[in-house]
Every structure is written in C-alpha cells, then in structure tokens.
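So the structure is just underneath, and the comments pick up after that.
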Amino acid sequence: MTDIQSNPSLLTPEEELENIEIELLLEGIFRVYGYDFRDYAFSSLRRRIWHRIHALHLGSVSGLQEKVLHDPAQMKALIGSLSISVTEMFRDPLLFQLFRREAVPYLKSLPQIRIWHAGCSTGEEVLSMAILLHEEGLLDRARIYATDMNEDSLDQARKGIIPLRKMRDYTRNYLAAGGSGEFSEYYSVKSEYAVFQPELLNHAVFAQHNLVTDQSFNEFHVIFCRNVLIYFNKDLQDQVHRLIYDSLSLKGFLALGNRESINFTHHADSYQPMSPSERLYRKIR
Ligand SMILES: C[S@@+](CC[C@H](N)C(=O)[O-])C[C@H]1O[C@@H](n2cnc3c(N)ncnc32)[C@H](O)[C@@H]1O
221 MTDIQSNPSL
231 LTPEEELENI
241 EIELLLEGIF
251 RVYGYDFRDY
261 AFSSLRRRIW
271 HRIHALHLGS
281 VSGLQEKVLH
291 DPAQMKALIG
301 SLSISVTEMF
311 RDPLLFQLFR
321 REAVPYLKSL
331 PQIRIWHAGC
341 STGEEVLSMA
351 ILLHEEGLLD
361 RARIYATDMN
371 EDSLDQARKG
381 IIPLRKMRDY
391 TRNYLAAGGS
401 GEFSEYYSVK
411 SEYAVFQPEL
421 LNHAVFAQHN
431 LVTDQSFNEF
441 HVIFCRNVLI
451 YFNKDLQDQV
461 HRLIYDSLSL
471 KGFLALGNRE
481 SINFTHHADS
491 YQPMSPSERL
501 YRKIR
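In my numbering, the protein residues as written are 221 to 505.
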C-alpha cells in the first residue's frame with residue numbers, strides 16, 4: 221500500500237476520495253504495465269501525478285487513469301514525470317573524493333571490478349565514475365552496469381552527450397572531487413553539446429532494471445544507488461536495501477545520496493560508514 225500517512229480521520233472527503241483514486245491508479249498501472257509505484261513516498265508521488273493531470277488539462281486522478289491505462293504512450297509520459305531524473309556529474313564531489321581515497325585502493329587489489337549504478341538516470345554519474353576509474357588506471361579492468369527503470373533516460377545515457385552549458389558546474393565538481401586531469405579533455409564540443417570520449421563508456425552496459433520488481437543480477441564490488449531510495453517509503457527502502465545487500469560483495473562499497481542513509485534500515489549493522497558526512501559505506505558482514 222502507498223504510505224498515505226495522513227491520519228484518514230483528518231482528511232476532508234475530497235482528500236479521501238483523491239487518495240482512493242491514486243491507489244486505484246497505481247494498482248491499475250501495476251496490473252496493466254508491471255510498474256510498481258505503490259510504495260513510493262506519497263507526497264512527491266501525488267505532486268508528480270498532478271503535474272501530469274495539469275499537463276493534460278484534466279480535472280482528476282481518475283481522468284488520468286483513463287488515459288494511462290488505455291494508452292501506453294501516456295504511461296511512458298507518466299513514467300517520465302514519476303522518475304525525477306535530476307542528476308549531475310560528480311554530484312556531491314566530496315563523496316567522489318572519499319571514494320578515491322577509501323575504495324580505490326581496494327579496487328586496485330582486484331583483477332576485475334564490477335560496479336552497479338542503480339538508478340543511473342541520464343548517465344552523468346556513470347561518466348563521472350568512468351573518468352575517475354580512468355585516472356586511477358582502473359577503467360580497463362572495470363565493468364560498469366548502469367540501470368534505470370526509465371528507458372528514455374537510458375537512451376540518453378548511452379550517448380554520453382551533455383548540454384555544454386552544464387560544463388562550467390561540472391568542471392567545478394570534477395576539481396572538487398579530486399580530478400587529476402583537464403576536464404575539458406574528456407569531451408569535444410559539437411555546437412551546444414559536450415560529446416564525451418566514447419572510450420569512457422566502452423566498459424559500461426546500460427540496461428533497464430526496476431529496483432522494485434526485478435531481482436539481483438550479479439555480485440558487485442561497488443554499488444551506487446544515489447537519490448533513488450529517497451522516493452520510496454520505509455518498507456520499500458528496506459526491500460531495496462535487501463536487494464543491494466544481496467548484490468554487494470563482502471568488503472564492497474555502497475554509495476547513497478546525501479539525503480539518504482543506511483541508519484535505521486534493517487541492514488545498518490552490515491555496513492561501516494566511511495565518513496561522518498559522506499554517504500559511503502563498506503559492507504563488513
Ligand atoms: C534523481 S535520479 C538519480 C540519478 C543519479 N543516481 C544521481 O544521484 O544523480 C533518480 C533515478 O531513479 C530512477 N528510478 C526511480 N525508481 C526506480 C526504480 N524502481 N527502479 C530503477 N530506477 C528507478 C529514476 O528513473 C531516476 O532516473
């Protein structure tokens with residue numbers, strides 16, 4: 221069930237009706253398309269649903285349900301709204317700096333390295349990792365699995381092309397993350413875009429994977445699952461943490477977003493935090 225947390229007795233009849241409509245919409249989506257949003261955090265889900273309702277000039281959740289359940293193109297558009305694809309290169313640079321310091325020495329001891337970016341969005345995090353691995357002499361022995369539920373984001377990620385206007389911020393992030401090269405050497409400029417060196421993504425595999433409904437598909441030395449769990453309710457976070465735990469090798473590293481934490485999950489004791497401020501953890505049991 222969705223975490224419609226508000227005390228039902230405090231809801232107005234309209235709000236109660238809206239909650240029922242949202243539950244029905246999510247149930248319908250699950251049964252028709254297999255996407256399971258039923259345990260996403262309710263308030264942001266509700267906001268996103270209304271965003272689509274307004275975009276289509278509709279008046280109710282039921283109106284959206286009618287469209288979405290009968291038209292896969294409308295479902296695709298709704299996924300676009302629900303998936304919140306905001307991302308950056310070297311987002312939270314200090315986490316990448318810490319990763320270089322704490323995780324890279326361990327990765328250097330491995331003959332092959334498997335890394336999973338779960339919820340990779342349009343691929344900025346993957347390019348960042350590829351650059352970091354290249355600078356540490358590790359890219360050739362790495363395999364990067366980059367997954368997301370949103371196919372459109374993955375299509376974009378595979379291209380390795382980013383609007384040029386973002387390069388100023390990304391250069392700053394890169395330097396703050398401990399980048400040791402010249403950031404502009406990693407891309408060429410084609411009109412309004414930065415086209416990243418294709419070799420950076422030679423070791424990356426992009427594939428659709430849904431953290432809610434799909435299983436673990438490999439064992440990884442590193443998992444980045446950042447700014448994804450924040451959209452899930454507590455039960456779903458625990459469920460996905462189980463999947464992450466099962467997919468991470470012992471001594472492997474887990475990176476979360478800076479508003480996410482392993483604390484208060486069922487797996488808190490299985491990880492050692494690498495710093496009090498950055499969300500980098502090591503699996504210790
Ligand atoms: C805010 S982006 C995070 C991107 C990147 N990890 C970062 O931190 O910059 C969240 C991503 O999670 C994806 N996502 C949401 N629910 C998902 C699910 N159930 N399975 C896989 N990906 C999901 C969305 O499609 C979106 O691309």
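Glycine is no exception: its CB is placed at the ideal position from the N, C-alpha and C atoms.
Model, not experiment: these values are computed from the prediction.
Item checked: Residue range of the unbroken alpha helix (DSSP H) whose run includes Ile249 -> 233 to 253
Checklist line | 8 Å Cβ cutoff met for Leu347 and Phe416 | finding: yes
Check: In three-state terms, what does DSSP make of Ser263?
Finding: helix
Next item on the list: Name the residue from Ile269, Leu314, Leu289 whose alpha carbon lies nearest to the alpha carbon of Ser280.
Entry: Ile269
Next item on the list: Would you list, in sequence order, the uninterrupted beta strand (DSSP E) runs of no fewer than 3 residues that lie entirely inside the region 293 to 341?
Entry: 333 to 338
Margin query: Could you check whether the Cβ of Arg311 sits closer than 7 Å to any heavy atom belonging to ligand 1?
Written below: yes
Note to self: Tell me the residue span of the beta strand (DSSP E) that contains Thr367.
What the structure shows: 362 to 368
Margin query: Considering only heavy atoms of ligand 1, does any lie closer than 7 Å to the CB of His429?
Written below: yes
Note to self: Taking its Cβ as the centre, do 16 or more other Cβ atoms sit within 10 Å of Arg446, making it buried, or is it exposed?
What the structure shows: buried
Note to self: My output table needs one value for Ala211: the three-state DSSP class, helix, strand or coil.
What the structure shows: For the chain, the structure presents residues 221 to 505; residue 211 sits outside this window and is missing.
Margin query: Following a CB-centred definition, is Asp375 positioned closer than 7 Å to any heavy atom of ligand 1?
Written below: no
Note to self: Rounded to whole angstroms, what is the Cα-Cα separation between Leu318 and Glu498?
What the structure shows: 8 Å
Check: Nearest-angstrom Cα distance between Met221 and Asp389?
Finding: Residue placement at Met221 is poorly supported in this model, since its pLDDT is 46, which falls under 50; the coordinates still yield a value, given next. Rounded to the nearest angstrom, the two C-alpha atoms are 40 Å apart.
Check: Rounded C-beta distance between His423 and Arg363? I'm assuming under 8 Å.
Finding: 6 Å
Item checked: Chain-order list of residues whose beta-carbon lies under 6 Å from that of Asp223 (same chain, five-residue window excluded) -> Below a pLDDT of 50, predicted positions are generally treated as unreliable, and Asp223, at 48, falls in that range; no measurement from the model is reported.
Notebook entry, point to check: Which same chain residues, not among the five before or five after Ser408, have their C-beta less than 7 Å away from its C-beta?
Noted result: Val415
Notebook entry, point to check: So who's on the other strand from Gln492, going by DSSP bridges?
Noted result: Arg502
Notebook entry, point to check: Terminal residues of the continuous beta strand (DSSP E) containing Ser408?
Noted result: 407 to 410
Checklist line | Inter-residue Cα distance where the pair is Arg378 and Trp336 | finding: 15 Å
Next item on the list: From the DSSP output, in three-state form, read off Pro403 for me.
Entry: Inspection of the sequence shows that residue 403 is occupied by Phe rather than by Pro. Helix, per DSSP.
Next item on the list: Could you give the DSSP three-state label for Ile224: helix, strand or coil?
Entry: Unreliable positioning characterises Ile224 in this predicted model, as indicated by a pLDDT of 48, which lies under 50. The coordinate reading is nonetheless provided below. Ile224: coil per DSSP, three-state reduction.
Item checked: First through last residue of the alpha helix (DSSP H) which encompasses His354 -> 344 to 355
Checklist line | 8 Å Cβ shell around Tyr413 - same chain, five flanking residues per side excluded | finding: Ile381, Ile382, Pro383, Leu384
Note to self: Beta-carbon within less than 8 Å of Ser469's beta-carbon, same chain only, minus the 5 sequence neighbours each way: which residues are those?
What the structure shows: Glu439, Phe440, His441, Lys503
Check: Measuring CA to CA, which of Thr307, Leu284, Ala338 is closest to Leu244?
Finding: Leu284
Note to self: Pull the bridge partners of Tyr413 from the DSSP assignment, please.
What the structure shows: Pro383, Lys410
Check: Under the criterion of a Cβ to heavy atom distance below 7 Å, does Asn531 qualify as lining ligand 1?
Finding: Here the chain covers residues 221 to 505 and nothing more, so residue 531 does not appear.
Notebook entry, point to check: Excluding sequence positions up to five away, which residues of its chain have a Cβ less than 6 Å from the Cβ of Gly357?
Noted result: none
Next item on the list: Closer than 7 Å by C-beta to Gln225: which residues in its own chain qualify, once you throw out the five before and the five after it? Chain order, please.
Entry: Confidence at Gln225 is low in this model, with a pLDDT of 49, below 50, so the placement of that residue should be treated as unreliable; the coordinate-derived value is given next. Contacts found: Phe262.
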